[in-house]
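Visitor: Under the working numbering, the first residue of the sequence shown is numbered 11, with each subsequent residue one higher.
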Amino acid sequence: MSSATAIPPTSMPSTDRFPIAPWDEASLVQWPDMDAHHLHLVSLLERVPHTADDDLMPLWAHILHSTIEHFGDEDRWMQETDFPAQHCHMGQHALVLDMLREVEARGHGGDLEIVRHMAHELSNWLPQHIDMMDAGLALHLQRLQAGHAPDVDAHTCGSESSCG
Ligand SMILES: [Fe+2]
Ligand SMILES: [Fe+2]
11 MSSATAIPPT
21 SMPSTDRFPI
31 APWDEASLVQ
41 WPDMDAHHLH
51 LVSLLERVPH
61 TADDDLMPLW
71 AHILHSTIEH
81 FGDEDRWMQE
91 TDFPAQHCHM
101 GQHALVLDML
111 REVEARGHGG
121 DLEIVRHMAH
131 ELSNWLPQHI
141 DMMDAGLALH
151 LQRLQAGHAP
161 DVDAHTCGSE
171 SSCG
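Below you can see the structure in the form of structure tokens.
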């Protein structure tokens, strides 16, 4: 066997085509359950560029499961505390989950590049979502925990037109 055929050239992914955005401590919202979930999700995403094709879909299943669990927790906290911007925030969660599930189906169909691409996109989206939506939810939960009334004007969506 020649050295040219010993190692299939596509068996290991490139680590630089779809890089994962590094975690920035500025994305901490000081609500421990939320911060822990975000850090866990980023730790899973960071594994994607270093994961071989054969192991990618099991990792994606783990990412999808973790995201479903996390969005579910946030949705429940919003509903239980009557969070003012809950419909906008929950709508964004639902939109992202639809995309992640679509990517899972395409990955199982053999398109692994879109899985790696979506991991990259999700890592870029997450800090923006945290800044625009999760931080407001964390502030809301902190206010309630401290015994204050909700600030109904402080938590609006980034774009009213996208809230429906
Ligand atoms: Fe979150
Ligand atoms: Fe969220």
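Glycine is no exception: its CB is placed at the ideal position from the N, C-alpha and C atoms.
(1) Using the Cβ count rule (16 or more neighbours within 10 Å means buried), how would you classify Arg126?
(2) Closer than 8 Å is the cut-off here; do at least three beta carbon pairs connect the segment 30-41 with the segment 67-80?
(3) Is there at least one non-hydrogen atom of ligand 1 closer than 7 Å to the beta-carbon of Met44?
(4) What does a CB cutoff of less than 6 Å around Asp26 pick up in its chain, not counting 5 residues either side in sequence?
(5) Consult DSSP for Ala62 and reduce its assignment to one of helix, strand or coil.
(6) Considering Cα atoms alone, identify which of Gln155, Gly157 and Gly146 is closest to Glu84.
(7) Quick check on this structure: which residue in Gln40, His130, Gln138 and Pro160 has the alpha carbon closest to the alpha carbon of Trp70?
Guide: Per the coordinate set shown:
(1) Walking along the sequence shown from the start, residue 126 turns up at place 116. Residue environment: Arg126 is assigned as buried (16 or more neighbouring CB atoms within 10 Å of its CB, all protein chains considered).
(2) Output reads no: the segment 67-80 does not touch the segment 30-41.
(3) The residue you call residue 44 lines up with position 34 of the sequence shown. Checking the Cβ of Met44 against ligand 1 gives yes.
(4) Reading the sequence shown from its first residue, position 16 is the one you call residue 26. Result list for Asp26: empty, nothing under 6 Å.
(5) The residue given as residue 62 occupies position 52 in the sequence shown. Residue state, collapsed to three classes: coil.
(6) Position 74 of the sequence shown, counted from the first residue, corresponds to residue 84. It is Gly146.
(7) For the purposes of this step, residue 70 is taken as the residue at position 60 of the sequence shown. Comparing Cα-Cα distances from Trp70 to each of Gln40, His130, Gln138 and Pro160, the minimum goes to His130.
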